[in-house]
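Participant: Take a look at this one; I'll ask things after.
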Amino acid sequence: MAQAFSETELMDRVDNDIAFLAETVEMLTGDGPSLVADIRRAIGAGDAAGVGRAAHALKGMISNFCAPRAQAAALEVEKLGKSGDLAPAAAATETLATMLSGLIDELNAFVKARA
Amino acid sequence: MTIKQRLILLLSIPLITLCTLGAYVYISAAQLEREVRMVADTQIESLATIGRISRSLNARRINLRNCLISQDSDECAKAREAFEADRGNVVELFRVYADRLVTNDEDARLFSQMQEATRAWNTMAANVLADLDLGKREQAVERLGREGDDLGVQLDRVAGAWLELNEDAGREMGATALGSLESRRRLLVAVCMAALGITALLGVIVLRSISRPLDRLRRSVETIAKGDYQAPVPFTAASDEIGTLARSVDVLKSGAAETERQRWTKLNAARIASALQAAATVEEFGRRLVSELTPLLGGGVSAVYEAAPESESIRRVAGFGLADAGSGAAPRRGEGLVGECIASVAAANLTGLPPAYLTVSSGIGSAPPTFVGAWPLVVENSAIAAFEFASFREPGPREQGLIEELFPIAAISLDRLRRNLRTQELLAEMQRQSEALRASEEEFRTLLEAAPDALIISDEQGRIVLVNAQTERLLGYRRDELIGQPIEILVPERTRAAHPGLRRRYHENPEVRAMGSGMELAAVRKDGTEFSVEISLSPLHKRDGRGMLVCSSLRDTTERMRVQDELRRAKQKAEEATVAKSAFLANMSHEIRTPMNGIMGMTELALDTDLSTEQRDYLNTVKSSADALLSLINDILDFSKIEAGRIELDPVEFLLRDSMADTLSPLSLRAATKGVELAYDVAPDVPDALVGDVYRLRQVIVNLIGNAIKFTEHGEVVMSLRLVERSGDEVMLEVAVRDTGIGIDPAAAARLFKAFEQAESSTTRKYGGTGLGLAISKQLVELMGGQIRLESTPGSGSTFTFSVRFKVGTARPSASHDDAAKLFEGKSALVVDDNRTNRRILETMLNHWGLKTIQADSAKSGLTMLDRASNAGQSVSLVVTDLHMPDTDGFEFAQAIRSHPIHRSVPVMLLSSSGTAGDQARIVELGIAARLLKPVKQSLLLDNVMRVLAGPARSAHVPVPVSDNVHPSAVAPKTLRILLAEDNPVNQKFALRVLEGAGHGVTVANNGREAVERSASESFDLVLMDVQMPEMDGLEASRTIRARESNGTGRVPIIAMTANAMKGDREMCIDSGMDGYVPKPVKRDVLFAEIERVLKEVGRGAGVQ
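As given, the protein sequences belong to chains S and X, one line each in that order. To convert a position in the first sequence, counted from 1, into our numbering, add 1276. To convert a position in the second sequence, counted from 1, into our numbering, add 1156.
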């Protein structure tokens, strides 16, 4: 499978500052899954707006890391939430969760390799 | 009846008589013939026939007897034969008679008796014979004897009567014929006699009727032949040949009379004409005319008048029978009889004159005339003279004829006389003029010789005709060496070839001018040396056919040229020096500015830190000194750039009114501090969207207004902008900056626009400044295609006016005019300000958008106006009031309105020149709808007025915040105080890295509410607002901030950060009051570009001084 994020873009974005990147990756590692949890909770509660908000926030976070697929997954959930159609939301959320964890792993690996 | 007719009548009588008689005779003769014929033919024959019948009968009787008696049978037979033969004869004769010989009834009766008798005898005879035949001779004889005798006697008796009758008839016829013949003959004679008689009588009468008139006519002709044309010809009215003849005689008489008249006329006309021709003067002409003509006209009083050519006046030149021949009221053309005669070129007369008019007199007696007439003497359809004549009788045809014959000749004669006299006059005149000409030529020659310049007169071929003494001196020739020579000998060889061509061109367009403008002219002397000259040419048009001459005036300009050359070289050197200097300075600008920027930037940074009051004081001083120094440096550099010709205009599209407002607002603080009102107005017809170097325009305006404020202690400074002309897409605007300051002395005014000068050196000390501002402004204005001028009265104030040219842009202004007009319809606003100019400007703006206005100059009168309006049923919808007013200020006024029972809900907008912190509370307390800083930005005013008048329901229309003291940093900002509103920590981190990495100071807010709070408590240069945040999102936060800012606390630029890059998002952000946006994830260059754009947009007015 191709890389979840674009190395060159990301490095460019942080001006090749690995330390900075490490910090941000750390934040993503922490906050990202908790947002996923928020989404799941909101789906359970039938809170479509909440789903949308959380997904949007997660998308925004992911967007900093030049990871188009993960970002798209987040966008998908966001759209579902905003449209009020929660039926497919659960499945989409799991996809998102998978993508997110994959991204986090890869980022961490990347950072560790260059630290 | 004509003679012919009479004669015909006369002759016709005998003729007719003759004819009648002839006819009568003829008829009579015919009748006679008939009668005679009857006698001849008929009667005689009938008598003869009767005779024969008798004889035959007798013969028969005899024969019968014979037969009877005779014993001889032969004899008896013979007798019987003859008897028988006679019987046939008798029958035949009876037949003949019956055929044509019976004349009348009696004759017919007797004839038939005869026939009867004959028949009876025949019967008897037949019986006798029968008897005989039977042999009964005795019986036969007995019968014969018995019946035959009786019958025979009967027969004889009848025959006798018959014969007698016819004889009588014949005799009677003859007598009758004779008788009628006789009577006819008698009648004939009588008629002839009568006819003859009548004819003779008539003949006499007719002949007399012819001969008498002829005789009289003859006598008449004799009279005429004797020369008497007066006696009338008789019988001219007769209708016969006499009449015709008489008329012909009459005609002949007239002709003869006419001939006689003409002879008389011609004779006299010729005689008088020749007398007139001999006249030597007009008066003599007149005298001869009157004296010759008047008697011929039958005597009377007369006069001759001459009509002066080309003038209205008429003068009397002669008179006859007048007391004083040469006087009397001189008539004018058209006036009076003579005037009328002359004016209308026709004879005129008056009749039925009153007695007092004039008297014609002779030695014996006098009487008024019955006729006055005037005749013109005409030459070429105009009257040159007139003859007036008064008499007792009107001139007859002969006299008229004389006048008609004479006057044309007389007129020609007079005309010729006058011409001759005129010619003599002209000759005398010409002689005089000739003298004068000679004298003036002398004068001219003198002038020529005395002239300080060399004057050379040449003809069309370029030959020298005349020169003066100076020419000889200047060119080293003697006069006679030059005259006749071509003028080219004076022209240097190198230009000689072209000279004839130049000459020719000049001759085609001759005028007084300098020769060869722009050319270096030289002349060459006799000795070959050249020298520079100035040549002036003037054409002379000679009269005597020599064509056009040219006068060339030469002046030696050698010395002058030398001086000019020196000056030129010196000027060039000086210019080069200036250019070099300016270039040097221009290049130095960067070098100079950099350390200045450093000083100012650091000072500002230091000011942002925690400082003690003392330290802050010192640093503020450093900052203002640095500001002043920088402005000085900018002036110097600008000026040198202009001198070095290195200023270029940088045209951009801009909105005029907004730019003006932005330009003026920093200055307003300065003005307010001094207590001077600063106002501006832009005429409504000035287009708002323009293309030009607004930067330079602002530079000039700031310079002028700055000066105005500087030199004004109290009163106002007003900038007015108006449209001068618009052609196509170019406009020329005129900007006037008027102040009520100390004014400028006119003498000093002239020096003002020169560099380094101020009105007087004392002002430099008092007011500071480099003195470069106006010079730069002048250069800039001229660069922008305009002019600058000054009007000033010392002590009253000054007005600087300049014009600039711009192109019209395509950007459209912000607020919709139509919306405004719709909203404002029927509404009115009260404008209150103690300064009249301000009121006027506000009114202009509001009226322009369709809002009616009422003015008041104080709070007190404002209340009065409110009352008045509501009493009139037209309540005011809005009050716009100034804050700083004497007596009652804006707040107190608002208070009064809020407390008023009727007006308390009228919205109030406050305008003030500066903002103080404490005002905010009062504004809220008094429910003031909006507070704007002066001078008011038009678009801002409109938006706020619309917002206020639209009411709370229209909150969808987001209020546009008020413009305040935009940081007038002299340096382009490099470090910003940025408020970052972002909830997401990762995003925060990234943004912080970018921003802090660029050296900016960043404060973080985690949501909209925090952002609002933070921005209220601290002031930031920029807000980066994430759109989607919990608690309060970016849009709402932005709206809140803007709403708060509408109270006049400053407008902070807000840039949205949004992950949704969809079309509607942008609009939403703008509607919420944001100024720009960047997409997320944020990229550094995109972000900074947008920051720069937004700051430039909002912060225009970063003042250059």
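For every residue, glycine included, the Cβ atom is placed at its ideal position computed from N, Cα and C.
Does any CB atom of chain X fall closer than 7 Å to the CB of S:M1337?
Facilitator: At least one chain X Cβ lies under 7 Å of S:M1337.
Participant: Quick check on this structure: which residue in X:L2019, X:S1933, X:R2024 has the alpha carbon closest to the alpha carbon of X:V2064?
Facilitator: Comparing Cα positions, the closest option is X:L2019.
Participant: For X:T2159 and S:A1365, I'd like the C-alpha separation in whole angstroms.
Facilitator: Spanning the two alpha carbons is a distance of roughly 37 Å.
Participant: Between which two residues does the alpha helix (DSSP H) holding X:M1194 run?
Facilitator: Counting along the chain, X:M1194 falls outside any alpha helix (DSSP H), and DSSP gives it neither H nor E.
Participant: Is there at least one Cβ from chain S nearer than 7 Å to X:R2064's Cβ?
Facilitator: Checking the displayed sequence, the identity of residue 2064 of chain X turns out to be Val instead of Arg. No, its Cβ sits nowhere closer than 7 Å to a Cβ of chain S.
Participant: Are there 16 or more other CB atoms within 10 angstroms of the CB of X:M1756, so buried, or fewer, so exposed?
Facilitator: Result: buried.
Participant: Step through the CB atoms of chain X and report whether any lies within less than 7 Å of the CB of S:L1304.
Facilitator: Output row for S:L1304: interface = yes.
Participant: Which stretch, first to last residue, makes up the beta strand (DSSP E) that contains X:D1712?
Facilitator: Per DSSP, X:D1712 belongs to the beta strand (DSSP E) from 1704-1712.
Participant: Going by DSSP, what residue range makes up the alpha helix (DSSP H) through X:Y1253?
Facilitator: Start and end: 1229-1256.
Participant: Spatial neighbours of X:D1794 within its chain, please: C-beta separation below 7 Å, excluding the five flanking residues on both sides.
Facilitator: Excluding sequence neighbours, X:D1794 sits near I1932.
Participant: Taking contact to mean at least 3 C-beta pairs separated by less than 8 Å, is the segment 1270-1284 of chain X in contact with the segment 1307-1320 of chain X?
Facilitator: Judged by Cβ distances under 8 Å, the segment 1270-1284 of chain X makes contact with the segment 1307-1320 of chain X, as three or more pairs qualify.
Participant: Output the distance between the C-alpha atoms of S:D1291 and S:L1304, rounded to the nearest integer angstrom.
Facilitator: Roughly 19 Å separates the two Cα atoms.
Participant: Can you name the start and end residues of the alpha helix (DSSP H) that X:A1356 belongs to?
Facilitator: That run of the alpha helix (DSSP H) goes 1305-1381.
Participant: Rounding to the nearest angstrom, what Cα-Cα distance links X:R1634 and X:Q1587 in this structure?
Facilitator: Going from the Cα of X:R1634 to the Cα of X:Q1587 covers about 36 Å.
Participant: Starting from the Cα of X:W2005, find the closest Cα among X:H2059, X:V2101, X:P1525 and give me that residue.
Facilitator: Cα-wise, what sits closest to X:W2005 is X:V2101.
Participant: Between S:A1333 and chain X, is any beta-carbon pair separated by less than 7 Å?
Facilitator: For S:A1333, the answer is yes, since a Cβ of chain X falls inside 7 Å of its Cβ.
Participant: For X:R2054, return the contacting residues in chain S, with the cut-off set at a CB-CB distance below 9 Å.
Facilitator: Those within 9 Å of X:R2054 in chain S number zero; the least Cβ separation is about 43 Å.
Participant: Let me see if you follow: with CB-CB separation under 7 Å, is X:K2145 close to chain S or not?
Facilitator: So, interface residue.
Participant: Run the CB neighbour count on X:Y1774, radius 10 Å, all protein chains shown included, and call it buried at 16 or more, exposed below.
Facilitator: Its Cβ having fewer than 16 others within 10 Å, X:Y1774 is exposed.
Participant: How many angstroms separate the CA atom of X:D2023 from the CA atom of X:R1996?
Facilitator: In a straight line, the C-alpha of X:D2023 is about 22 Å away from that of X:R1996.
Participant: Where DSSP assigns a beta bridge to X:A2212, which residues make up the other side?
Facilitator: X:M2181, X:Y2233.
Participant: Report the partner residues of X:I2134 according to the DSSP bridge assignment.
Facilitator: Paired residue(s): X:V2158, X:L2178.
Participant: Just to confirm, is the Cβ distance from X:R2195 to X:G2232 under 7 Å?
Facilitator: Contact: no.
Participant: Using C-beta distances below 6 Å, list every residue in its chain close to X:A1835, excluding the 5 sequence neighbours before and after it, in chain order.
Facilitator: Cβ within range, chain order: V1874, T1993, N1994, I1997, P2091.
Participant: If you measure from the beta carbon of X:A2215 to each beta carbon in chain C, is any gap under 7 Å?
Facilitator: Although the question refers to chain C, the structure presented lacks it and instead comprises the protein chains S and X.
Participant: Check the Cβ of X:K1866 against every Cβ in chain S and list those closer than 9 Å, keeping chain order.
Facilitator: Under the 9 Å cutoff, chain S gives no residues; its nearest Cβ is about 50 Å from X:K1866.
Participant: Would you mind reading off the limits of the beta strand (DSSP E) that contains X:F1527?
Facilitator: Segment 1527-1535, the beta strand (DSSP E) holding X:F1527.
Participant: Give me the DSSP bridge partner(s) of X:E1886.
Facilitator: Beta-bridge pairing links X:E1886 to X:S1883, X:K1963.
Participant: Name the residue from X:V1988, X:P1950, X:V2032 whose alpha carbon lies nearest to the alpha carbon of X:E1981.
Facilitator: When each option's Cα is compared against that of X:E1981, the closest is X:V2032.
Participant: Please state whether DSSP places X:T1437 in a helix, a strand or coil.
Facilitator: X:T1437 falls in the coil class under three-state DSSP.
Participant: By the DSSP assignment, the beta strand (DSSP E) with X:R1471 in it spans what residues?
Facilitator: It spans 1470-1476 - the beta strand (DSSP E) in which X:R1471 sits, taken as one unbroken run.
Participant: Start and end of the beta strand (DSSP E) containing X:D1837?
Facilitator: Start and end: 1832-1838.
Participant: Thinking C-alpha only, which one of S:E1352, S:S1339, S:K1358, S:S1359 is nearest S:I1380?
Facilitator: Minimum Cα distance to S:I1380 is reached at S:S1339.
Participant: If I measure Cβ to Cβ from X:I2210 and keep anything under 6 Å in the same chain, skipping five residues before and after, which residues do I get?
Facilitator: Closer than 6 Å at Cβ, skipping near neighbours: V2179, M2181, S2194, M2230, D2231.
Participant: Determine, for S:N1292, whether the minimum Cβ-Cβ distance to residues of chain X falls below 7 Å.
Facilitator: With 7 Å as the cut-off, S:N1292 does not count as an interface residue toward chain X.
Participant: How would you write the range of the beta strand (DSSP E) that S:D1307 sits in, first residue to last?
Facilitator: Looking at the DSSP string, S:D1307 is not in any beta strand (DSSP E); the run it does join, the alpha helix (DSSP H), is 1294-1321.
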